[in-house]
Amino acid sequence: MLFTIQVNNKKIKAEKGETILSALNRNGIIIPTLCRMKDFTPTGACRMCVVEVEGRERLVTACSQPVEEWMKIKTHSPRVITARKTNVELLLSNHPDDCLYCDKNLNCELQRLSEELNIRERRIRAKKIKPRLDQSSPAIVRELSKCILCGRCVRVCEEVITSTSLDFINRGSLTHVGPAMDRDFNFSSCIHCGQCVLVCPTGALHEKHNISEVQENLNNPDIIKVIQYSPLVTTDIADELGIKYNREFDRILNSILRKIGFDKVFTTGTGTDICITELAAQLKEKFDNKSDTPLFISACPAWVKFAEQFMPSVIPQLSTVKSPQQITGVLIKTLVAGEAEVKPEKIFSVSVSPCMAMKFEARRDGMMRKGISDVDSVMTVRELGRLIRLYGIDVTNVEPEPADDPMAGRSSSAALAEVSSGMTEAVIRLLLYSDLNKDADKQLFKKIRSGGSFREAAFLIGQNEVTTVVVDGLTGLEKLKSSIASGKKYDLVEVMTCPGGCINGAGLSFSTSKNDIKSRAKTIWQADESDAINLPCKSPVLRNLYDKLIKENKEISDKKIFYTHFEQRKVLL
Amino acid sequence: MSTEVDIILRKYKPGRREDLIPLLQEIQDDNGYLSEDTIIKVGAFIGLSTTKIYGLATFYDQFRFVPAGKIQIKICHGTTCFLNGSQAIINKIKEETGLMPGQTGRDGIFSYDIVTCMGGCNNGPVVSVNGEYHPHIKPEQLPELIRKLRYIIEND
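If you're matching them up, the sequences are chains A and B in order. Just so we're aligned, residue -7 is where the first sequence starts under this note's numbering, counting upward by one. Just so we're aligned, residue -2 is where the second sequence starts under this note's numbering, counting upward by one.
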């Protein structure tokens, strides 16, 4: 039901049941918000969105107050603006003055608000808190001095990720955000997914930087510098650098990376193709053995840690195939090292990924051979953007170049794996193709491509019916648990920690909007429609690897390097 | 100790969030403090993460996470006691015991907490020693009081 309300002496249409804020936003009136997150229930904690409602003594938070017919609202009256300004001034009263050195400089919401509200001096002075810097996590740094206690990270961790590793500790001026028993991140149940970093309005939570480590190695002439990047990086780095993406940019990135000083550039997509092939083999083996335990895809490192902590019964069912990044990494340290006739320790291998948990995964126990890690350093897309700017490369003026052999290309299935349900689709498609020797109908996969956080579908491959389920975001796990408890049998289970998949990863550019993320899945699906190499088995790069390079290399011909192990983790849950 | 927690847990129904505070209070009354083990146990019982329980318990002054001393002193820091000079008492106690609020000495004899109101506003500043109230305390009385208490414990 629509009705009119009066805002700033003008009439606007509002809908029954919506909040004041949504009515205002729809009518082109912008109000600052801070603790608000889209698709979450409002808390009204920060009081940045206050408005004046005639007849109400106090200011009203627009984000949480339902709009009513009689309302006469003032959104930018002197009283409202003073209140908002005082709010920000109070937040700034004990905030460190180091914007220049802050990780979130130019991306900070507090900075933007104080600029918008024209704050030009520190009017209110309070004692600055100097808590210990928590650098214990391989992925996330917690700088509590910059925390404004908006509670976004706490809510994302509880409501979206469901690991509930963060909460408010203590009360009043001593309040801070931290894991159980006020421990550091590495002792907590944090799964390093980094969704808290994406929502943090300030620099209180940010990724652990590996740039200086990478730079140091780039300057070392005795070392071969190798980089791999995942299929999503090309589109997102274009966003980060502020240029328009086209297909050509896939190849331009290769020469940009070479200009920075990397000797070899590979695509992680080749590793994804291997991952898909190995997974399909495992699934086929499962059917050959007539086993009825499900196979859980373990390509998402945050989900793997989640399972190791919260669902230990699932650990034996986790696929032992390494993630694409680690597969590419281990091939670099074996094949590429062999070709270049250097020892693997003389190779410095960097990976650029849209995921923050990959930083953690590269440090995992089973991710090294003979004491040499498969991947030495993992950077987010934001860090790569910084590196490109640091080396002063004019990205509009670079000739496209191919990536390096033997991991120069990928199938379009590999890009699909960046979207939730993509890995399942790729595995099923590969099995269908090897069974019927023709491409599967794309309509088959409609059911798992979209629709809620828990999506089931069954496929007929040869004589076998393969039941699959896609858990898109960890909130879908509850349904999975109850479904399994009620006796339902699954063959292939895919779990993605970030809702939507890697396209919503925490390592992506801050400048990427949520709408861009949605359209990115469509772009990937569309590219898949027209790509001739739409399956790993059709990729010449992969055939060369499997039929020749891996087969002929005695050290790795047993393919053991593509497999790892998982074990239960004892942390405070 | 852990079995005592189990006995208390048996009195409650599992999975009820509303029981959390009474449950923690009962455990603390019985045990003197909330250990990490009890927080994990209560978390599993109520169905909440330890992070949430620790967050809630630290919100309230009444819960402590290290064992209390044999002599547990509570100093009121409510409005009336504050106006009557409780800050001077706190400073003096810090000086005498060398401890910070919430800490327990290595010998396990003393521990003190700052609390917000004990309901004795007309007698402020109020100090409670093992549940016994001492009204109108002055800072200069404290060294004598602490010496006496230490003597009692050491010769018990």
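C-beta: ideal position from N, C-alpha, C; glycine also. All values derive from a computational prediction rather than experimental measurement.
Worksheet entry | Near the ligand PLP: A:Cys292 beta-carbon under 7 Å from a heavy atom | Within the structure as shown, the ligand PLP is missing, as the structure has no ligands at all.
Item to complete: Would you list, in chain order, the members of the segment 118 to 141 of chain A that have their beta-carbon closer than 9 Å to a beta-carbon of chain B?
Response: none
Practice prompt. Indicate whether at least one CB of chain B lies closer than 8 Å to the CB of A:Ile268.
Written response: no
Worksheet item: Any chance the segment 47 to 67 of chain A sits against the segment 158 to 169 of chain A, with 3 or more Cβ pairs inside 8 Å?
Response: no
Worksheet item: With contact counted as at least three CB pairs below 8 Å, one residue from each stretch, are the segment 58 to 70 of chain B and the segment 93 to 108 of chain B in contact?
Response: yes
Practice prompt. Please confirm whether A:Gly234 and A:Thr372 have their CB atoms less than 8 Å apart.
Written response: no
Discussion item. So that I know if they touch, is there some Cβ in chain A lying closer than 8 Å to that of B:Tyr30?
Written reply: no
Discussion item. Tell me which residues share the same chain as A:Glu547 and place their Cβ nearer than 8 Å to its Cβ, disregarding the 5 neighbours each side in the sequence.
Written reply: Thr326, Gly330
Practice prompt. Could you work out which residue in A:Asp386, A:Arg447, A:Leu382 is closest to A:Gly414 when comparing CA atoms only?
Written response: A:Arg447
Practice prompt. Measure from the C-beta of B:Ser46 to each C-beta in chain A and report whether the shortest distance is under 8 Å.
Written response: yes
Item to complete: Just the C-alpha distance for B:Arg103 and A:Leu310, rounded to the nearest angstrom, thanks.
Response: 47 Å
Worksheet item: So is A:Asp520 buried or exposed if we call it buried at 16+ other beta carbons inside 10 Å?
Response: buried
Practice prompt. Determine the direct distance from the alpha carbon of A:His201 to that of A:Arg378, and round the result to whole angstroms.
Written response: 11 Å
Item to complete: Check B:Met(-2) in the structure and name its three-state DSSP category.
Response: Confidence in B:Met(-2) is poor, its pLDDT being 49 and thus under 50, which makes the residue's placement unreliable; the coordinate value appears in the next sentence. Correct three-state label for B:Met(-2): coil.
Worksheet entry | Which listed residue (A:Val218, A:Ser137, A:Pro346, A:Arg239) has its alpha carbon closest to that of A:Thr167 | A:Ser137
Worksheet entry | Per-residue contacts from B:Gly52 into chain A (C-beta, under 7 Å) | Asp159, Phe160, Ile161
Discussion item. So within the segment 532 to 559 of chain A, which uninterrupted alpha helix (DSSP H) runs reach at least 4 residues, ignoring any that extend past its ends?
Written reply: 532 to 536
Worksheet item: DSSP beta-bridge partners for A:Ala450?
Response: A:Thr459
Worksheet item: Nearest to A:Asn110 by alpha carbon, out of A:Lys562, A:Ile132, A:Glu81, A:Ser129?
Response: A:Glu81
Discussion item. Does chain B have any CB closer than 8 Å to the CB of A:Pro171?
Written reply: yes
Discussion item. Does chain B have any CB closer than 8 Å to the CB of A:Leu466?
Written reply: no
Discussion item. With a threshold of 8 Å between beta carbons, is A:Thr326 in contact with chain B?
Written reply: no
Practice prompt. Below 7 Å CB to CB, which residues in the same chain sit around A:Val462 once its five sequence neighbours on both sides are set aside?
Written response: Ser412, Ser413, Thr416, Ile440, Arg447, Glu486
Practice prompt. Just the C-alpha distance for A:Gln560 and A:Pro58, rounded to the nearest angstrom, thanks.
Written response: 47 Å
Item to complete: Have a look at the DSSP bridge pairing and note the partners of B:Tyr130.
Response: B:Ser125
Item to complete: Answer yes or no: do A:Pro346 and A:Asp508 have a C-beta to C-beta separation smaller than 8 Å?
Response: no
Worksheet item: Among the residues of its own chain, which have a CB less than 7 Å from the CB of B:Ile37, if the five just before and after it don't count?
Response: Thr47
Worksheet item: Among the residues of its own chain, which have a CB less than 6 Å from the CB of A:Val133, if the five just before and after it don't count?
Response: Gln127, His198, Lys200
Discussion item. For A:Arg361, list the residues DSSP reports as bridge partners.
Written reply: A:Ile364
Discussion item. For A:Val370, which residues in the same chain have their Cβ closer than 7 Å to its Cβ, ignoring the five residues on either side in sequence?
Written reply: Asn202, Ser343, Ser345, Met350, Lys351, Ala354
Worksheet entry | Residue-level contact to chain A via CB, B:Thr113, 8 Å cutoff | no
Fill in: Any chain B beta carbon closer than 8 Å to A:Leu82
no
Item to complete: Could you name the residues of the same chain whose beta carbon sits closer than 8 Å to that of A:Arg250, not counting the 5 residues immediately before and after it, in chain order?
Response: Val257, Glu393
Worksheet item: Looking only at C-alpha atoms, which of A:Gln(-2), A:Lys434, A:Lys530 sits nearest to A:Thr269?
Response: A:Lys530
Worksheet item: Name the chain A residues whose beta carbon is nearer than 9 Å to that of B:Phe79?
Response: Here the premise fails: no neighbours, minimum Cβ distance about 15 Å.
Worksheet item: Pairing CB atoms from the segment 114 to 121 of chain A with CB atoms from the segment 28 to 43 of chain A, are three or more of them under 8 Å?
Response: no
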